[in-house]
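Shown next, in structure tokens, is the structure this report addresses.
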Amino acid sequence: MLYYGCYAGFPSATPPTWTPDPDEAVLTNVGRVLEARGREFLGEAYKDPIASFSDFHRFSIENPEAYWKMVFEEMGITFSVEPSCILRENDAYPGGEWLPGAVMNAAANCLAVKPGRNSDDVAIVWRDEGKDSEPLNFVTLEELRKKVCLVANALDALNLDKGSAIAIDMPMNVNAVVIYLAIVLAGYVVVSIADSFAAPAISMRLKISETKAIFTQDYILRDDKELPLYSRVVEAKAPMAIVIPVRGSTLVKGLRADDLSWEDFLGRVNHTKADNYTAIEQPAYAFTNILFSSGTTGEPKAIPWTHLTPLKSAADGWCHMDIQRGDVVAWPTNLGWMMGPWLVYASLLNGASMALYNGSPNSSGFAKFVQDAKVTMLGLVPSIARSWKSTDCTAGFDWSNIRCFSSSGEASSVDDYLWLMGRACYKPVIEYCGGTEIGGGFVAGSLLQPQALSAFSTPAMGCNLFILDNNGNPLPQDSTGTGELALDPTFFGASTTLLNADHHDVYFNGMPEWNGKVLRRHGDEFERTADGYYRAHGRADDTMNLGGIKVSSIEIERICNRVNDTILETAAIGVPPLGGGPEQLTIAVVFKDQSSQTEDLNQLKLAFNTALKKLNPLFKVSSVVVVPSLPRTASNKVMRRVLRKEFTQQPKHSKI
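Letter by letter, the sequence shown follows residues 99 to 754 of our numbering.
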């Protein structure tokens, strides 16, 4: 009520809910650098960290050599072979070649002792669901290094070729993080698979990446219920699996002939040298991780991360979330989605501790973990905040150590995030939007700028944004407008190749030029407001964002079209609620015989949800709308954007 009362009649849709304090601003990562080197970077124009932040962002674009050199120094990044420069022109790389000649290992950098960071510092703090009254568990940097080295040695004992793809399909716990780092340290490539995927989705990703082995668990434990995981991996006809028992020393029964228990896998190592491993140093563009993002053809795009991509993730955390040495960073996620690897790198490369809770974040147990672990930066997707608000499961817990929240994955709600800020003495929410293919964000917030809810205050550091007009041309920079978003291709950490699609066709074909460079397609529709904020308006193409998971409309429609014989065709639409918040899945249905249509729409919705479990159990149909036909272009393409606009105004389970 206070918020709405104060801003009644406010001339903008993005009133600030938090403003930076000058005394605190100079203590941030960027504020500290600007106080020391502001005049060196910006000359006489420098005033103070708050007033000069926008100038510093412009500096990061116009002077990539100086900006990125400074960031790498601040994060203590080391190279076994130094790059010849930060950026040079090279037609083989869109926007130029970053760190040419550099040789490094991103995982080795995560495990290294640096100035201000000791081997006995806490790297991971964790707790299992159901053990909320027990003490926290800690893994020091040295303990983490030894665990990673043990697994790296065991990986080599499998006699796989260096560069082989090795999948991880398990919840994000200490073992998963150890395995992830070990694969990268030893010169193999992680294949990221979300633990919610059904067998067909697992199988598709294993085939695309040509996976040679997979790490998984026997099952996932939630609310003391055992949810099968290994059996899904077997159903997917996965290659050799290394299976970890959830309940500690419990022996996993029923393994396939070529599969290994976790105990047998580690037992192959000569334990006299298990605690040490010489990192496989690689060229900066060598693959470290294959992640997947839905395309518009139904098959997920296989996006390789290199040793450069982790530096982009960590740099975003350093600048935008202000992750510092000694911080405790929590973000409920999974290694199957980009925020899983992001959390690993943004925490460890910045000298912070990673906070992992082995259980549902929608619980009082997680809320207590945030309190007990003294989390300082809490990331989330908006649906989690909505769940917390509706259940009040955070009540009574002290979140005063939180310095900021961060939100990504889907559109947020003003009311939900006002409530969320109130859980931590009204600390700011740093909105963060990006993509798997860029390893981080292209638009975000900053602790050096006023923050508005459901809005972004700045393009990401080093990133130049463009909004395209109706003719596909860039609007003048810093002007207001709404349209498809495009990115300057000179963007550190962005992808340069895809495993199963033509990278140029996906991201550059048909895009306009700016200053002699072809802009990079992203696919989101964005608005730049009169007061300089950015607001997201969903996908410009036909990819939906359901609960933070991007999925092709075509994938949904292929399943729904087969639910029963009365259906002629369907269209799957992600519809934003009128009050704001995550997109809700609406299915438009055209029946074969419209004159005698008697289908129970509630029963049809139930049938759709049952069928969609095979694609992903997290996908839920919110409403079903009967239409006489689907709007199409002259080339017969379905105009889902037209339906989205109509459905935003329509009640659920209706006919139009």
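The C-beta atom is built at its ideal place from N, Cα and C for all residues, glycine as well.
In this text the structure is predicted, and so the values were computed from the model without any measurement.
For the stretch 303-340, the continuous alpha helix (DSSP H) assignments of 4+ residues that do not extend past its boundaries occur at 328-333, in sequence order. Per the C-alpha coordinates, the member of 329, 220, 619 and 316 positioned closest to residue 359 is 316. Counting every other CB atom within 10 Å of its CB across the protein chains shown gives residue 501 a total of 16 or more, marking it as buried.
Taking every protein chain shown into account, the CB of residue 708 has fewer than 16 other CB atoms within 10 angstroms, so this residue is exposed. A distance below 7 Å between beta-carbons, with the five flanking residues on each side excluded, links residue 644 to the following residues of its chain, in chain order: 672, 681, 683 and 717. Of the candidates 281, 685 and 712, 685 places its Cα closest to the Cα of residue 728. Unbroken beta strand (DSSP E) runs of no fewer than 3 residues, entirely contained in the stretch 486-532, are found at 502-505 and 527-529, following chain order.
Per DSSP, the beta bridge partners of residue 428 are 453 and 476. In the three-state reduction of the DSSP assignment, residue 375 falls in the coil class. Secondary structure of residue 556 (DSSP, three-state): strand. Shown here for residue 139: same chain residues with a beta carbon closer than 6 Å to its own, the five before and five after excluded, namely 157 in chain order.
Contact between residue 195 and residue 188 holds: their C-beta atoms lie close to 4 Å from each other, under 8 Å. If you draw a 10 Å sphere on the C-beta of residue 575, you find fewer than 16 other C-beta atoms in it, and that means exposed.
Restricting attention to alpha helix (DSSP H) runs no shorter than 4 residues, the stretch 181-259 encloses them at 204-209 and 239-254, ordered along the chain. Out of 463, 442 and 653, the CA that lies nearest to the CA of residue 713 is found in 653. The beta carbon of residue 462 lies closer than 6 Å to those of 491 in the same chain, with the five residues before and after it left out. Counting the other Cβ atoms within 10 Å of the Cβ of residue 607 gives fewer than 16, which makes it exposed. Looking at 337, 632, 177 and 437, the one whose alpha-carbon comes closest to that of residue 563 is 632. If you draw a 10 Å sphere on the C-beta of residue 247, you find 16 or more other C-beta atoms in it, and that means buried. The beta carbon of residue 472 is closer than 8 Å to those of 426 and 499 in its chain, skipping five residues each way along the sequence. Two segments are said to touch when three or more pairs of C-beta atoms, one from each, lie closer than 8 Å; by this definition the stretch 536-545 touches the stretch 589-604. Look at residue 701 here: in three-state DSSP terms it is helix. Along the stretch 554-642, the beta strand (DSSP E) occurs as fully enclosed runs of 3 or more residues at 563-565, 579-585, 618-626 and 632-637, listed in sequence order. In the assembly as shown, residue 663 is an exposed residue. Its beta-carbon has fewer than 16 other beta-carbons within 10 Å. Under the three-state reduction of DSSP output, residue 414 falls in the helix class. Using a 10 angstroms sphere on the CB of residue 514, the tally of other CB atoms reaches 16 or more, which defines it as buried. Distances from the alpha-carbon of residue 321 to those of 744, 456 and 559 put 456 closest. Taking every protein chain shown into account, the CB of residue 200 has 16 or more other CB atoms within 10 angstroms, so this residue is buried.
Counting only the Cα atoms, residue 646 lies some 11 Å from residue 679. In this structure, the beta-carbon distance from residue 176 to residue 548 does not fall below 8 Å. Short of 6 Å from the beta carbon of residue 182, and not among the five residues preceding or following it, lie these beta carbons of its own chain, in chain order: 198 and 199. Nearest C-alpha to residue 556 among 417, 719 and 165: 417. Less than 8 Å separates the beta-carbon of residue 263 from that of residue 308. Across the set 551, 697, 623 and 468, the C-alpha of 551 shows the shortest separation from the C-alpha of residue 110. DSSP places residue 351 outside both helix and strand once states are collapsed to three, so it counts as coil. For the pair residue 484 and residue 448, the CB atoms are not nearer than the 8 Å cut-off.
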